[in-house]
Amino acid sequence: DNDILRDKELGFRVYDADSRGSARAANFHRSVDGYHGAKLQRYDDVLQRYIYNGDTEILAMLNTKYIIKDKKANETYTFGPAWFVEYVEEVKTPAEELDMIGGVDLATTAVVNKEVKGLEKFYDATGDIELVEYAPNYLKYEYTAPAESLCVFSEIYYPDGWTAYVDGKEVDYFSVNYILRGMVLPEGEHTVEWRFRAPNWTMANTITGIASWLIILSLVAVA
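Numbers given in the working numbering equal positions in the sequence shown, counted from 1, plus 81.
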């Protein structure tokens, strides 16, 4: 754990193969196994079918830079926190999507449900993208692309709270590779940001504020 903590690169994950299914690694790292036994069903599908069987392609898709095995930190190859792909492989059902991610080159191909409209079959993947700022509720990327490009982000697709922006303007995104996020990005040099705000946060925050003021006023009245 101390060896891994010396690595200051942003956004990578760690898979503790010695304690599979445990939250132990989450005490120190962004753990592939997560920090809680209750997981999103889709993510658990991937864990059980691929990750717990040592599928290196899926681990690379999840930006798993270190695998802890036999109490040693083994550095591995990843696709990075985000990457551009050339091809789109369309499927009809979630079950087909789960099957397909185990049968294509995920470094060059995005597996997408047919419900996602407007995608091309091929994209220019020669651009560069870099994660420059990371927090649990905020991600910032800088990229350069010579043409419109399809980017896969190694972050779990969860639309109930995550909002995407390009150069400060809100944009659409969609699910790819069964559990990750995809976005079509314009050519040129741009900034991508992801921001998380829990559903109904504004209402809850307002109610909390009103309640706090009522408590303060009550204390003043009593005094």
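Don't be surprised by glycine CBs; every beta carbon is placed ideally from N, CA and C.
Asked: Backbone CA spacing between residue 200 and residue 300 [nearest angstrom]; Found: 60 Å
Asked: First through last residue of the alpha helix (DSSP H) which encompasses residue 124; Found: 122 to 130
Asked: Coarse secondary structure for residue 218, derived from DSSP in three states; Found: coil
Asked: Simplified DSSP assignment, three categories, for residue 168; Found: strand
Asked: Cα-Cα separation between residue 208 and residue 141, rounded to whole angstroms; Found: 19 Å
Asked: C-beta atoms of residue 182 and residue 134 nearer than 8 Å; Found: no
Asked: Test item: CB-CB of residue 137 and residue 113 under 8 Å; Found: no
Asked: Residue 272: first and last residue of the uninterrupted beta strand (DSSP E) it sits in; Found: 269 to 277
Asked: N-terminal and C-terminal residue of the beta strand (DSSP E) that residue 191 is part of; Found: 190 to 194
Asked: Own chain residues within Cβ distance below 6 Å of residue 246, not counting five before or after; Found: 274
Asked: Local Cβ density within 10 Å of residue 160, reported as buried at 16 or more and exposed below that; Found: buried
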